[in-house]
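K.L.:
Sharing a structure with you now.
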Amino acid sequence: MSLPLLLAWVMSINWKSEIRSQLTWKWALQGLFALLPLGAYYVWRTSPLGEGWAELQEFYFGRGLMTIESSIESWKNAYFYARYMSQEGLIYFSIEVAATLTALVSSIWLLRRDPIVALFSLAVVLLSALSGSAQSMARYMLIAPAMFIALGYWGKNKLFDKAWTIASILLLGMSVLLFSYDMWVG
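Its first residue numbered 2, the sequence shown is counted upward by one per residue in this note's numbering.
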């Protein structure tokens, strides 16, 4: 959250006019406020509640912050499971990959239109995909606002709107089916 706030703070300066007159105490205070989410996270993460949460994430869910090696291994295992083990796994991980790619493409598409939202969405995609587990990506991608902005923009096209509506209904049905096969769909 601090990254897009810091970007908005830096972008608040008019770089074409004299910069020195714009560097006021209010501007500096806004920069400090942009760092508040980072400070709040640090305070929470070093508290007993935050430490317990991190242990649970690592032990039970196999997740961590930017665990690149275990993420790559998890994506390889997911591919193997989807390819060779079960049809349900193939469908499940196809939904996971599709959600991740939709969020990634939407974030890249939004970079020129709204760089702050796009940067936040790219951070969501990157932190989720490299968290150590290939599962539950569809759920984590719902946090990326670029996906909803892009789908809203693309939805102005009647054909895309109808196709996306039908595909969403089918995806919901597929999620119910996967859940009935005792898969954690999410």
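All residues carry an ideal CB built from backbone N, CA and C; glycine is no exception. No experiment lies behind these values; they were computed from the predicted model shown.
For E97, count the other beta carbons within 10 Å of its own beta carbon; 16 or more makes it buried, fewer makes it exposed. Which is it?
P.N.:
Result: buried.
K.L.:
Roughly how many angstroms lie between the CA atoms of S169 and L50, to the nearest whole one?
P.N.:
Each residue's Cα considered, the two are about 37 Å apart.
K.L.:
Do L4 and F121 have their CB atoms nearer than 8 Å?
P.N.:
In this structure, F121 lies closer than 8 Å to L4 by Cβ.
K.L.:
Of the residues A104, G174, A79, which one's Cα is nearest the Cα of V118?
P.N.:
The shortest Cα separation from V118 among A104, G174, A79 belongs to A104.
K.L.:
Could you tell me the distance, in whole angstroms, from the CA atom of L24 to the CA atom of R113?
P.N.:
Their Cα atoms are separated by approximately 26 Å.
K.L.:
So, for A35: in the same chain, excluding its five sequence neighbours on each side, which residues have a beta-carbon less than 7 Å away from its beta-carbon?
P.N.:
Closer than 7 Å at the Cβ level, and outside the excluded window around A35, lie S3, L6, L7, W10.
K.L.:
Count the C-beta pairs between the stretch 135-143 and the stretch 68-88 that are closer than 8 Å, then say yes if the count reaches three, no if not.
P.N.:
They touch, by the three-pair rule.
K.L.:
Taking 8 Å as the limit between beta carbons, can you name the residues of its chain near L128, skipping five residues before and five after?
P.N.:
Correct list, in chain order: L66, M67.
K.L.:
Where does A164 land, buried or exposed, given buried means 16+ other C-beta within 10 angstroms?
P.N.:
Answer is exposed; the Cβ neighbour count stays below 16.
K.L.:
For T101, which of Y85, L131, W16, S87 has the nearest alpha-carbon?
P.N.:
Looking at the Cα atoms, L131 is the closest of the given residues.
K.L.:
What first and last residue would you give for the alpha helix (DSSP H) that runs through W16?
P.N.:
No alpha helix (DSSP H) contains W16, which DSSP labels as neither H nor E.
K.L.:
Roughly how many angstroms separate the alpha carbons of L39 and V125, rounded to a whole number?
P.N.:
Going by the C-alpha atoms only, they are around 15 Å apart.
K.L.:
For A147 versus S108, is the C-beta spacing smaller than 8 Å?
P.N.:
Going by C-beta atoms, A147 is nearer than 8 Å to S108.
K.L.:
For L112, which three-state DSSP category applies?
P.N.:
Looking at L112 - three-state DSSP - the assignment turns out to be coil, as it is neither helix nor strand.
K.L.:
What's the C-alpha gap between A145 and Y61?
P.N.:
When rounded, the distance between both Cα atoms is 25 Å.
K.L.:
If the criterion is Cβ atoms closer than 8 Å, does the pair Y154 and E89 meet it?
P.N.:
No; because the gap between Cβ atoms is not below 8 Å, this pair is not in contact.
K.L.:
Taking DSSP as the reference, what is the three-state secondary structure of Y80?
P.N.:
Residue state, collapsed to three classes: helix.
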